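For reference, the structure discussed in these notes is given below.
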Amino acid sequence: MHRAGEDVKNALLKPTEQAHAELQTAFDFFNRELFASELPQCLITMNRKPRVRGYFSPNRFIRTDAETTHEIAMNPAAFATRRLVDVLSTLVHEMVHMQMFVAGKDARRNYHNKAWADAMEAVGLVPSNTSAPGGKKTGERVSHYIRSGGPFEKAAEVLIETGFTITWLDRYPITSHTDAGADGAMGAELMQRSALRLNEDPDEPEPQGAGRTMAGRPRQRQAARLRPYLRQGRITARKWEAMNTGGQI
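Going by our numbering, the sequence shown opens with residue 1, and the numbers climb by one from there.
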């Protein structure tokens, strides 16, 4: 009965309220479960910054009374092609950056230091510049993978079992943000109905001469031809992207 009531409540929310309330709920949950509620509140935004799933920016916003707050940005173009647990891991990744800043252990901009790597391990996310075992744990561009049975995975399972989800997905997702192909992706059902447009952005027309593959086909035509293979699981998202971009990932 409670769940049905929550569904009705969510249906009545405005899209902005719903999207940001969900991210705030996830932040508060992980702050409590993984950080002992020690992280300060921040402003969670959505930003399609290229080549990133999310980022942390300290003291990014200021109020009229000169009070500042940190920003955690999430890239909505990285939602539909990833599992919910993977998107949540990005949020926690950025929360660890906040933890390091608050503790005075942050490194120079864009650098992932050992203190950050150790803090990531503590919450059950293993740093890796390849997003897989064996990658470098420190450096300029470092992602992570989820440790099986670790604190994050256990906490995320509890949150997801409550019925938590991310309701609004970008219709134009980017496959370079995909963790594990289309398997279990939040937008998998929409992808099967061709409701999503992979690697297309209607707001950014390609400059003249750009967007062509090695075979000479326009990128969007190539994408349309290969998209069914991705939906059917006959190629992985990484392979699809390599074919679509002429082998450059």
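By construction, the Cβ of each residue, glycine as well, lies at the ideal position given by its N, Cα and C atoms. Quantities reported herein were computed from a predicted structural model and do not represent experimental measurements.
- With contacts defined as CB atoms closer than 9 angstroms, F30 and L84 fail to qualify as a contacting pair.
- In the DSSP assignment, E189 falls within the alpha helix (DSSP H) that extends over A188 to Q192.
- Contact between V123 and V96 holds: CB atoms are separated by about 7 angstroms, below the 8 angstroms threshold.
- Here A107 carries a coil assignment [DSSP, helix/strand/coil].
- Rounded to whole angstroms, the separation of the alpha carbons of V158 and P202 is 37 angstroms.
- With 16 or more other Cβ atoms from the protein chains shown falling within 10 Å of its own Cβ, P127 counts as buried.
- In the three-state scheme derived from DSSP, where H, G and I count as helix and E and B as strand, E67 is classed as coil.
- Close CB contacts of H112 within its chain, under the 7 angstroms cut and outside five residues either way in sequence, are with P127, T138, G139 and V142 (chain order).
- Membership of S143 in the beta strand (DSSP E) is indicated by the continuous run S143 to I146.
- By DSSP's assignment, S57 forms a beta bridge with E71.
- With 16 or more other Cβ atoms inside 10 Å of its own Cβ, P173 counts as buried.
- For A119, the CB contacts under 7 angstroms within the same chain, skipping 5 residues up- and downstream, are V96, Q99 and M100 in chain order.
- Taken atom to atom, the span from the alpha-carbon of N110 to that of F27 is near 22 angstroms.
- If you look at V123, you'll find it in the alpha helix (DSSP H) that goes K114 to V123.
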